[in-house]
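Residue numbering for the sequence shown follows this note's numbering, beginning at 2 and increasing consecutively.
Every residue, glycine too, gets a C-beta built ideally from N, C-alpha and C.
Keep in mind that this is a model prediction, so the values were computed, not measured.
First up is the structure itself, then whatever we jot down about it.
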Amino acid sequence: MIPQVYDSPIFRMACQQFDLVADFLEIPESARDRLKMPKRAVSVAMPVRRDDGSTTVFMGYRVQHHLTLGPTKGGVRFHPDVTLGEVGALAMWMSWKCALTGLPYGGAKGGVTCDPRALSIGELERVTRRYTQELIPFIGPQIDIPAPDMGTNEQTMAWMMDTYSLQSGHCVPAVVTGKPVSLGGSLGRKESTGRGVAYLISRAMDTLGINAQGATAVVQGYGNVGGVAAASLNRMGLKVIAVSDAFGGLYNPKGIDLAKLDEHVAKTKSIVGFDGAEAITNEQLLITPCDVLVPAAMERQITGDNAAKIQCRILAEGANGPTTPEADAIIAQRPEIFVIPDILCNAGGVVVSYFEWVQDLQSFFWDEGEVMSKLYRILEQAFVQTINFSRKRGVSMRFAALSLGIQRVHEAKQMRGLFP
Ligand code: GLU
């Protein structure tokens, strides 16, 4: 039974994935709800003064999925579609992601239902500070540590850290990760998700025997994850032939000049109108023939409707939840597609967030080389464990990754027991 507060297509999708894995792992019925249902959810109505003197009440949420292994961890999303159900599903995925990569955290996620592009800088700051203020009793370096997600960035984290620190009476950098380096952020954190995506793609290409030189990539979402992944793939020798953002898509079979595209984006805040490629729709982009398809935007993009039409060798999920269970069933019948599932593919972000938290707690900072080599070591281990599980047990890469994550949280809960 899904509690009404979370009920939504995306929460049902996360539960459906969990239920399939729980059946496979033969997790006893009595342990399932305890593993699946988020521990805590906070919903806040936040009155915020607008630049024109009026007041808007924004809704903010934070869901903490489980507290078994340490504090909770996960991003904060500013987007018009944010709901408690979406945040709950994303928190659940964070739990399996942290467990898969061996981080001492439960999953969490937060969000504010707003369109950050329609807010001025001053309004964004007031929304962020109000949201942080409302969450003061629920967050902290040993409780729950937010980070950036869609629609938020280093500046958002700086405001959150400042608001929390003012309340504490002293500087508390470890309350959030993804901060500017000048405020105790980690070197490499900003690029970590996208570089991790590219690292795992290179491992998948090794596995499949695909040569990077001249291979083609299509990237949906040209934000912090997709943009960095595209640049990294380009450096590895791949041609990025199509990209998109929330406003439209671009296609150039000869390869898009990303440095020029970045200049265009810096000027116009969108990829639309770039003259080095032709315009395509998001639907066309997803079914463009390529070696590597990277959905790095919203969830539920590859669905029962288009899964039979995608034409890639590697599906590298930079976004959280981009592929629905209906699409998974179709992709399962297409062994030519190698899936790097979201909780593995985009884990680089939270892994370096963990490094940032450790550095902040110790007030001892690492150089970028140390951060990156530790990141790749963790991703390598998670990749090898997932592919081995997948082969040994005859299940998909997604199923293997989820199984490893869920099994670890299940074991930890069994060991801790039930109190009282
Ligand atoms: N929002 C990112 C994710 O979905 C990063 C979370 C974090 O760094 O805590 O994994």
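Pick out whichever of the options has its Cα sitting closest to the Cα of residue i.
i, options, result
"L188", "V352, R378, R78", "V352"
"A15", "V77, S96, G54", "S96"
"W94", "F420, S404, G222, I257", "S404"
"M299", "H265, S233, D258, G227", "G227"
"L316", "T57, V219, R33", "V219"
"A90", "R13, C172, R314, L136", "R13"
"I3", "D150, M38, G197", "M38"
"A297", "C99, M151, D34, H80", "M151"
"S147", "T178, L120, S121, G349", "Rather than Ser, the amino acid found at residue 147 in this sequence is Pro. Closest by alpha carbon: T178."
"A413", "T69, R35, L251, L125", "T69"
"P81", "D53, V113, A32", "V113"
"L120", "V49, Y200, I137, L136", "V49"
"T164", "P149, L251, E135", "E135"
"L362", "G185, K255, G76, Q17", "G185"
"I202", "V176, Q5, A348", "A348"
"T289", "I311, F366, A330", "I311"
"T208", "K240, N283, P105, E337", "E337"
"G418", "Y252, S9, D8, R35", "R35"
"E279", "N253, D306, E192, V241", "N253"
"F339", "A401, W367, I379", "A401"
"A320", "F366, R301, C313, P29", "R301"
"D366", "G170, S183, D116, N154", "Correcting the residue identity first, residue 366 is Phe in this sequence and not Asp. Answer by Cα proximity: S183."
"Q285", "I242, L262, D263, K261", "I242"
"A383", "A32, G222, K98", "K98"
"H171", "D116, G141, V266, G350", "G141"
"I341", "L380, L376, K240", "L380"
"Q18", "Q214, A330, G222", "A330"
"Q415", "D145, Q5, P29", "P29"
"I303", "N283, A328, E318", "A328"
"K74", "D20, F139, G215, D263", "F139"
"V173", "I137, A308, R118, A309", "I137"
"Y377", "R190, G197, P117", "G197"
"V176", "R190, P149, R204, D145", "D145"
"D20", "D8, I11, P10, R33", "R33"
"P117", "E318, L234, L345, F59", "F59"
"R335", "N283, A308, I344, L262", "A308"
"D343", "S397, Q5, S9, G215", "S397"
So is the beta-carbon of residue i under 7 Å away from any non-hydrogen atom of the ligand SAM?
i, result
"M158", "With respect to the ligand SAM, the structure shown offers nothing to examine, as its ligands consist of the ligand GLU."
Which whole-angstrom value describes the C-beta separation of residue i and residue j, a residue pair presumed to lie in contact below a C-beta threshold of 8 Å?
i, j, result
"I430", "G256", "It is not possible to answer for residue 430, since the shown part of the chain is limited to 2 through 421."
"G277", "D258", "5 Å"
"N154", "G195", "With a Cβ gap of about 14 Å, N154 and G195 do not count as contacting."
"R477", "I211", "Outside the displayed range of the chain (2 to 421) lies residue 477, so it cannot be described from this structure."
"A92", "R409", "About 17 Å; that fails the 8 Å criterion."
"P72", "Q143", "5 Å"
"S193", "G350", "5 Å"
"A213", "M206", "6 Å"
"V51", "E124", "According to the sequence displayed, residue 51 carries Arg and not Val. Contact flag correct, Cβ pair sits at about 6 Å."
"Q386", "L287", "Their Cβ separation, rounded to whole angstroms, is 29 Å, which puts Q386 and L287 out of contact at 8 Å."
So, is the C-beta of residue i closer than 8 Å to a C-beta in chain D?
i, result
"R63", "Among the chains of the structure shown, chain D does not appear; only one protein chain is present."
Within the stretch 66-117, note down every full alpha helix (DSSP H) run reaching 4 residues or more, in order along the chain. 85-101
The stretch 346-357 touching the stretch 365-385, judged by at least three CB pairs closer than 8 Å: yes
3 or more residues per run - each beta strand (DSSP E) lying fully within the stretch 243-276: With a minimum length of 3 residues, the continuous beta strand (DSSP E) runs that stay inside the stretch 243-276 are 249-252.
Okay, do the stretch 290-297 and the stretch 256-270 touch, 3+ Cβ pairs below 8 Å being the bar? no
Taking three-plus beta-carbon pairs below 8 Å as touching, is the stretch 43-50 in contact with the stretch 121-138? Counting Cβ pairs under 8 Å, three or more are found: they touch.
Extract the residue ranges of the alpha helix (DSSP H) inside the stretch 133-217, only unbroken runs of 4 or more that lie entirely within it. 155-169, 190-209
For the stretch 102-116 against the stretch 64-77, do three or more pairs of beta-carbon atoms, one drawn from each stretch, fall closer than 8 Å, so that the two count as touching? As far as the Cβ criterion goes, the stretch 102-116 touches the stretch 64-77, which means the pair count is three or higher.
Flag this pair as touching only if the stretch 242-256 and the stretch 317-336 have three or more C-beta atom pairs under 8 Å; answer yes or no. no
Which ranges would you report for the alpha helix (DSSP H) in the stretch 312-358 if only whole runs of at least 4 residues count? 326-333, 343-346
Contact between the stretch 84-98 and the stretch 151-159 (3+ Cβ pairs under 8 Å): no
For the structure I just gave you, are there three or more beta carbon pairs, one from the stretch 225-240 and one from the stretch 373-393, closer than 8 Å? no
Any contact of the stretch 71-80 with the stretch 22-38, i.e. 3+ C-beta pairs under 8 Å? no
Could you tell me which uninterrupted beta strand (DSSP E) segments, each at least 3 residues in length, are contained entirely in the stretch 10-64, listed from first to last along the chain? Correct list: 41-50.
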